[in-house]
Each structure stands twice: as C-alpha cells, then as structure tokens.
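Be aware that the sequence shown starts at 1480, since it is given in the working numbering, and climbs by one per residue. We put the beta carbon where it would ideally sit given N, CA and C, even for glycine. Below is one structure, written out as structure tokens; the observations come after it.
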Amino acid sequence: MHRNQNPEATTFIEQISALPLNPSLSLDAVLERSVLVEGRIRSLFATDRANDRLYDPYVGLVDVFHGPRIIRTTRARKVENNANLSAHHVMPLGQPNRRKDGDPSTVAAVGDFQRNWALFTEGMGMLELNWSNVIAAGGSVLSCLSPLPNRMEPSEAAIKHHYRSQAYATSDIDLFLWGLSPEEAEAKIIAIYAGIRRSAPSDVDMVCVRNKHTVSIYSQYPRRVIQIVLRLYQSPAEVLAGFDIDASCCAYDGDRVWASPRAVIALMRQCNTVDMTRRSPSYEFRLAKYSRRGFEVYVPSLRRSDIDLRIYGRSVSSVAGLARLLILESFENPFLTIRLAAAAAAAAAAGPSTDAKHEISFSYYDITSLRIPYGPGWDAESVRKLMRSAVSCAHRFFRSDSVLKSTAHRKGAGHESYVLSQQKTVT
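In structure tokens, the structure reads:
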C-alpha cells in the first residue's frame, strides 16, 4: 500500500502507475472502475452507515501530495484537427489553455497549495480556523490546487490578480461540517464566525444570511463569501461522494489536500466527464462554469452529426441535458461559431424566441434559491438592502414562516443576521 493512502486510493494509484506514458491512451477504463468503487461507498452512506468500511473518514479519497508524481501529471489528449477537437468534447479548450502532455496537473507541493489558499481566501480567517471536523471543498480548493497559467509570474500580486479574474471572481469558500452532533455543529458554526470576525479589521462590516441549507458570511469585496453548509456529514468521504462535477471533488482539511479519483483524472486530462445520473437543475451551467476554469466537457457518446440544429433556436431554460450543454457551448466556444449561424437559421424558421443568454441570469428553475451578488461595489450594507428587498418580494410567492433580524456589535463594527425560512404558498 502506498504510504498514507487507503486501500481504494492505493488501487487507483497502482492502476494509473501501470499505464504506459502515451498521450493517446484513454483513462476511461480507470475512471469507470473508480466510479463503480465510489458508487458502492456512496451506497453504504445511504444504506449502512455503520459499515466497517466507512470507519476511515477519507475512504476512497486520494491524499494528493502523499501520492506519486504520476497522479499529478497531465495526460493530454491528442488533438489532430478541429473536428477531432470537438468530436466527443463540448466546450473544448483552445490551444493556449491546453497543457502539454507531462506538464504538472496540480501545483507542486502542499506548501504551494497553502500559499495559493492564503491568497485566494483574502485573509478571511482561514489560516486561524480550527479545522477539527471541518473541511473546505469544491471550487475554492480546486482553484488553489490547479497549476497556475504557464506564462504567469508566480508573485503574490500576480496570483491575486489571477484569482480575481472573471473565472474565479465569484467563487465562494464552501465549508462542510462532519462527525458532529447538531449541538456540536451549532457551536462550531458560531466559533467559525467568531474566528472570521476576529480576523477582520475592526471597521469591516459583516452580515450573515441563513437559508434552509447554508449560513453565508458576507463582508466586503475582495474578501470572499464564506458559506457553511448546514447538512451534517459522517465524513469528508461522504461530502465528496455527493458532488456532481468531477473536478470539484477535492477537499482541504487544514493540513492535507484530498481528492476523489474522479477529480484526479479530471485534473490529469483537463476535462469533466458527463454523468447524467448525477444531474441537477444547474448541472449544465456548472459544467459551463468549470469550462471557463480550464476543464472541457467529455461526452463519450456524443455524435455531432446526429445533432438537430434546431435546438440552437431554443431558449436555454426550455431544454435540458445535452441540448442545454450544446446551447451553452454556442455562447462560449470560439471554435464552434458555426453553431451560432445554425441557431439564427433555426430561429428564423421557428419564429421569434426569448433570448437565451438573458434567461441564464433570470432563470426560475430554482426559485427558492437566492444568489447574492459578489464583486466590486458589494459590501455588507449592499447585502442588507438586497435581503430586505428579497424578504419583501418573497411574500408574493411564499408564506414567510420566520424572518429574524438581530444586531450585535464588536469594537464599533456591527453585523446583522438574516434568516428566511420559506414555504411555498398552498393554493
């Protein structure tokens, strides 16, 4: 067994290590086996939580920087022409964003990750956080784990500028609690907030917003939003087993960086593999978001010759699955501008339709979720005003079971907490 790796991770590493160094060699077979193993572990979390196999909180996860370098090395796919570029990949990466075979697929060492983490989190108390029974997971961890662009100077200023770019500008820091009782979790959330409050200058205002699923802490750009997920998990392994996007299946526990085999392979070949069994209402939008962060979308069964070009005349909210993914691709992929021409032709034949780009921002596919903006010009007071407006508007659609507002002060800097528990009005 590889040092510090669990049996499932050891098997995965051995499978990767046994592959010849051939850029045209597919990793599909290794990924398929890993998905089956993860599926069995996920099933145990749902049906047999006391199973001995789940005693290891990191079961099935790879300790990224305690594994051999080969799992942190790019396996670039061979692209011979434009047709090959997009034959089975949606939103394929352009040449400037495509790493060469053999390039690092992650930063070199955990110290590099922690440097990136300190810069990415903008001093939001993450260095002083008591990490017991807490992990950060998802896009924020992936951002700090991914290698920096080749031509970028690795200075503190350049890295900060990179993380404030459009691809990462709205990325939250998602925290997950595990192995705690409800009472312990409540105390932990209070302690996390207190630590974040202590890390901030005394004149920095903060506001907390709670909904059914999360508590979010807002201050002022560029300090990132901290989002604490309220679901209680048995372990970090259970957290990552529930993630839908391959590349996002990575976590940081304050000491080590962990990743599922799905994430390791996604980093190695710069792509997320579509799995419609994990599809959520926002699945295609999330795949598109990660394409802007250097991960194309791999659809093994894709046959572009079978695509009905009339889909490009549809609004993005009226379709789902591959059709939605292809429409989003037509917005973002400069290599497939022919699709825009096809969309115009289809729209002319079908008559006027709603502008799909507009509907991405104003889609009501999940009306119970309120996305609070983050960026320059947004601070705690802006969030307060938005929440007051949202609470007022919510009464049009919901019966408000509880809208609580409290104020506390520390060294002259106040914060407010908003809790909105919503239930659809029965008609």
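Worksheet item: Alpha carbon to alpha carbon, how far is residue 1500 from residue 1769?
Response: For the purposes of this step, residue 1500 is taken as residue 21 along the sequence shown, with counting starting at 1. For the purposes of this step, residue 1769 is taken as residue 290 along the sequence shown, with counting starting at 1. Rounded to whole angstroms, residue 1500 to residue 1769 spans 27 Å at the Cα level.
Fill in: Residue span of the alpha helix (DSSP H) that contains residue 1734, given as start and end
Within the sequence shown, the letter at position 255 stands for residue 1734. Unbroken run through residue 1734: none, as it is neither H nor E.
Fill in: Whole-angstrom distance between residue 1783 and residue 1603, CA atom to CA atom
Stepping through the sequence shown from its first residue, residue 1603 is reached at position 124. Stepping through the sequence shown from its first residue, residue 1783 is reached at position 304. Cα to Cα, the separation comes out at about 45 Å.
Worksheet item: Is the CB-CB distance between residue 1694 and residue 1711 below 8 Å?
Response: Indexing the sequence shown from 1 puts residue 1694 at position 215. Indexing the sequence shown from 1 puts residue 1711 at position 232. Against a cut-off of 8 Å, the Cβ pair of residue 1711 and residue 1694 comes out as no contact.
Practice prompt. Using DSSP bridges, identify the partner residues of residue 1652.
Written response: Translated into the one-based positions of the sequence shown, residue 1652 becomes position 173. DSSP, once it has assigned bridges, lists 1705 as partnering residue 1652.
Worksheet entry | Own chain, CB closer than 7 Å to residue 1675, minus 5 neighbours either side, in chain order | Counting from one through the sequence shown, the residue named residue 1675 turns up at place 196. Cβ neighbours of residue 1675 beyond the five flanking positions: 1603, 1604, 1696 and 1705.
Worksheet item: What residue from 1495, 1508 and 1860 has the CA that sits closest to residue 1688's CA?
Response: Position 209 of the sequence shown, counted from the start, is the residue given in the question as residue 1688. Among 1495, 1508 and 1860, the Cα nearest to that of residue 1688 is on 1860.
Fill in: Separation of residue 1620 from residue 1727, as counted between CA atoms
Within the sequence shown, residue 1727 is the residue found at index 248, counting from 1. Within the sequence shown, residue 1620 is the residue found at index 141, counting from 1. Between residue 1727 and residue 1620, the C-alpha separation is close to 8 Å.
Worksheet entry | Contact under 8 Å by Cβ, residue 1506 with residue 1747 | Translated into the one-based positions of the sequence shown, residue 1506 becomes position 27. Translated into the one-based positions of the sequence shown, residue 1747 becomes position 268. Yes, Cβ-Cβ distance for residue 1506 and residue 1747 is below 8 Å.
Worksheet item: Between the Cα of residue 1612 and the Cα atoms of 1855, 1660 and 1681, which residue gives the shortest distance?
Response: Working through the sequence shown from its first residue, we reach residue 1612 at position 133. Closest by alpha carbon: 1660.
Worksheet entry | Bridge-paired residues (DSSP) for residue 1657 | On the sequence shown, position 178 is the one that residue 1657 refers to. Its beta-bridge partners are 1712.
Worksheet item: With burial defined as no fewer than 16 other Cβ atoms inside 10 Å of the residue's Cβ, what is the status of residue 1560: buried or exposed?
Response: Here residue 1560 refers to the residue found at position 81 when the sequence shown is read from its first residue. Exposed, since its Cβ has fewer than 16 Cβ neighbours within 10 Å.
Practice prompt. Specify the secondary structure class of residue 1487 as computed by DSSP and reduced to three states.
Written response: The residue given as residue 1487 occupies position 8 in the sequence shown. The three-state secondary structure of residue 1487, taken from DSSP, is helix.
Item to complete: Specify the secondary structure class of residue 1494 as computed by DSSP and reduced to three states.
Response: Position 15 of the sequence shown, counted from the start, is the residue given in the question as residue 1494. Here residue 1494 sits in helix by DSSP.
Item to complete: Would you kindly work out how many angstroms separate the C-alpha atoms of residue 1606 and residue 1551, rounded to a whole number?
Response: Residue numbering aside, residue 1606 sits at position 127 when the sequence shown is read from its first letter. Residue numbering aside, residue 1551 sits at position 72 when the sequence shown is read from its first letter. When rounded, the distance between both Cα atoms is 25 Å.
Worksheet item: Leaving out five residues before and five after residue 1638 in sequence, what residues of the same chain have Cβ atoms less than 6 Å from its Cβ?
Response: Locating residue 1638 in the sequence shown gives position 159, where the first residue counts as 1. Cβ neighbours of residue 1638 beyond the five flanking positions: 1598.
Worksheet item: For residue 1879, does the count of other Cβ atoms within 10 angstroms reach 16, so buried, or fall short, so exposed?
Response: Here residue 1879 is taken as the residue at index 400 of the sequence shown, counted from 1. Residue placement at residue 1879 cannot be trusted, given a pLDDT of 39 that sits under 50; what the coordinates show is reported in the next sentence. By the 10 Å Cβ count, residue 1879 comes out exposed.
Worksheet entry | Spatial neighbours of residue 1623 in its chain, beta-carbon cut-off 7 Å, leaving aside the 5 residues before and after | Position 144 of the sequence shown holds residue 1623. Hits under 7 Å: 1592, 1595, 1596 and 1599.
Worksheet item: If you drop the 5 nearest sequence neighbours on each side, which residues of the same chain put their C-beta closer than 8 Å to that of residue 1802?
Response: Numbered from its first residue, the sequence shown carries residue 1802 at position 323. Once the five neighbours on either side are set aside, the close Cβ partners of residue 1802 are 1790 and 1793.
Practice prompt. Please list, in chain order, all residues of the same chain as residue 1581 whose beta carbon is under 7 Å from its beta carbon, the five residues on each side excluded.
Written response: Stepping through the sequence shown from its first residue, residue 1581 is reached at position 102. Only 1552 and 1553 meet the Cβ criterion.
Item to complete: Determine contact between the segment 1509-1526 and the segment 1561-1576, defined as no fewer than three beta-carbon pairs at a distance below 8 Å.
Response: They do not touch, by the three-pair rule.
Fill in: Buried or exposed (CB count within 10 angstroms, at least 16 for buried), residue 1642
Working through the sequence shown from its first residue, we reach residue 1642 at position 163. With 16 or more Cβ atoms within 10 Å of its Cβ, residue 1642 is classed as buried.
Practice prompt. Determine the direct distance from the alpha carbon of residue 1720 to that of residue 1533, and round the result to whole angstroms.
Written response: Start at 1 with the first residue of the sequence shown, and residue 1533 comes out as number 54. Start at 1 with the first residue of the sequence shown, and residue 1720 comes out as number 241. The alpha-carbon atoms of residue 1533 and residue 1720 are separated by roughly 12 Å.
Discussion item. DSSP three-state label for residue 1669, please.
Written reply: Residue numbering aside, residue 1669 sits at position 190 when the sequence shown is read from its first letter. Of the three classes helix, strand and coil, the one that applies to residue 1669 here is helix, per DSSP.
Worksheet item: Helix or strand or just coil, what does DSSP make of residue 1541?
Response: Taking the sequence shown and counting its residues from 1, the one referred to as residue 1541 is at position 62. Strand, per DSSP.
Discussion item. Distance check for residue 1677 and residue 1756, CA to CA, integer angstroms please.
Written reply: The residue you call residue 1756 lines up with position 277 of the sequence shown. The residue you call residue 1677 lines up with position 198 of the sequence shown. The alpha-carbon atoms of residue 1756 and residue 1677 are separated by roughly 43 Å.
Worksheet item: For the ligand FMN, any of its heavy atoms closer than 7 Å to the Cβ of residue 1763?
Response: Ligands displayed in this structure: none; no statement on the ligand FMN is therefore possible.
Worksheet item: Thinking just about the alpha-carbon of each residue, which of 1713, 1703, 1698 and 1731 is nearest to the one in residue 1526?
Response: To locate residue 1526, count along the sequence shown from 1; it is residue 47. For residue 1526, the nearest C-alpha among the options comes from 1713.
Discussion item. I need the straight-line Cα distance from residue 1771 to residue 1556, nearest angstrom please.
Written reply: Translated into the one-based positions of the sequence shown, residue 1771 becomes position 292. Translated into the one-based positions of the sequence shown, residue 1556 becomes position 77. Straight-line Cα distance between these residues: approximately 18 Å.
Discussion item. Can you tell me whether residue 1699 is helix, strand or coil according to DSSP?
Written reply: Taking the sequence shown and counting its residues from 1, one reaches residue 1699 at position 220. Here residue 1699 sits in strand by DSSP.
Item to complete: Taking 8 Å as the cut-off, decide whether the C-beta atoms of residue 1679 and residue 1698 are in contact.
Response: Taking the sequence shown and counting its residues from 1, one reaches residue 1679 at position 200. Taking the sequence shown and counting its residues from 1, one reaches residue 1698 at position 219. Yes, these two residues count as a Cβ contact at 8 Å.
Worksheet item: Going by beta carbon distance, what residues of the same chain come within less than 7 Å of residue 1483, once the five residues before and after it are set aside?
Response: Counted from its first residue, the sequence shown places residue 1483 at position 4. 1542 and 1545.
Fill in: Distance between residue 1540 and residue 1615 (C-alpha atoms, nearest Å)
Mapped onto the sequence shown, residue 1615 falls at position 136. Mapped onto the sequence shown, residue 1540 falls at position 61. Each residue's Cα considered, the two are about 15 Å apart.
Worksheet item: Would residue 1751 be called buried (16 or more neighbouring beta carbons within 10 Å of its own) or exposed?
Response: Here residue 1751 refers to the residue found at position 272 when the sequence shown is read from its first residue. Flag for residue 1751 reads buried.
Discussion item. Alpha carbons only, please: which of 1808, 1609, 1650 and 1760 is nearest the one belonging to residue 1617?
Written reply: For the purposes of this step, residue 1617 is taken as the residue at position 138 of the sequence shown. Among 1808, 1609, 1650 and 1760, the Cα nearest to that of residue 1617 belongs to 1650.
Worksheet item: Thinking just about the alpha-carbon of each residue, which of 1496, 1565 and 1863 is nearest to the one in residue 1686?
Response: For the purposes of this step, residue 1686 is taken as the residue at position 207 of the sequence shown. Ranking 1496, 1565 and 1863 by Cα distance to residue 1686 puts 1863 first.
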